[in-house]
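K.L.:
The working numbering applies: residue 6 is where the sequence shown begins, and numbers increase by one.
Cβ atoms here follow ideal geometry from the backbone N, Cα and C, with glycine treated the same way.
Structure incoming, see below.
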Amino acid sequence: MKKRNALLLTAAGLLLIAAGLLLLRTSNFSTDNLPALPYLLIGVGCGVFGHGAGAGISRHALKNAPEIQKQIEIDQRDERNVQIANRAKGKAYDAMIFIFGALLVSFALMNTDLFVILSLVAAYLCVVGISIYYRVKFDKEM
Numbered sequence: 006m007k008k009r010n011a012l013l014l015t016a017a018g019l020l021l022i023a024a025g026l027l028l029l030r031t032s033n034f035s036t037d038n039l040p041a042l043p044y045l046l047i048g049v050g051c052g053v054f055g056h057g058a059g060a061g062i063s064r065h066a067l068k069n070a071p072e073i074q075k076q077i078e079i080d081q082r083d084e085r086n087v088q089i090a091n092r093a094k095g096k097a098y099d100a101m102i103f104i105f106g107a108l109l110v111s112f113a114l115m116n117t118d119l120f121v122i123l124s125l126v127a128a129y130l131c132v133v134g135i136s137i138y139y140r141v142k143f144d145k146e147m
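Written out as C-alpha cells, the structure is:
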C-alpha cells in the first residue's frame, strides 16, 4: 500500500471514531431512528484506522530492510502460498454454507422478524449466486 493511502485510511479511521464519539456524547442526536449509528461509526473507524496504521507501521519497519521486504513480496506471490490460500478459502466457503443455512433455520424457528430472515436469505442467495457465476465462468475458461 502506498504511503499516501495508508495515511488517508488512518485519518479517515480517526475521523469516523471521532464522529462516533461525538454522536455518543451529544444529547442532540436522536437515537430513536438509528440507535447503533455511533457504535457502527466507532467500529468501522477502528477497523479502517487499524488497517491504515498497520500498513504504515509495516512500511516503516521494512524501510531499512530491503532483503526482508523482497522476501515478503516473493512469499506473497509464491504459487504454493496462493494455492494454499485459495484452498483455505474454499474450505471456509463450504463450512459457511452449512453454518449460514443452520443460522437461517434457527432464526426461522425462533420466530424472528420476517425482515431479518428475508435479509439473511437474500444474503445467502447472493453468496450462492456468486459461487455459481464463478463456477460457470472458470469452467468455460479451463
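Check residue 69 in the structure and name its three-state DSSP category.
P.N.:
coil
K.L.:
Give me the residue from 116, 99, 122, 98 with the minimum Cα distance to residue 109.
P.N.:
122
K.L.:
Determine the direct distance from the alpha carbon of residue 98 to that of residue 142, and round the result to whole angstroms.
P.N.:
18 Å
K.L.:
If contacts are defined as beta-carbon pairs under 8 Å, then residue 43 and residue 25 qualify, I think. What distance do you get, rounded to the angstrom?
P.N.:
5 Å
K.L.:
Ignoring anything shorter than 4 residues, give me the alpha helix (DSSP H) runs that lie fully in the region 71 to 121, in order along the chain.
P.N.:
71 to 82, 84 to 114
K.L.:
Does the region 44 to 60 come within contact of the region 87 to 102, defined as at least 3 CB pairs closer than 8 Å?
P.N.:
no
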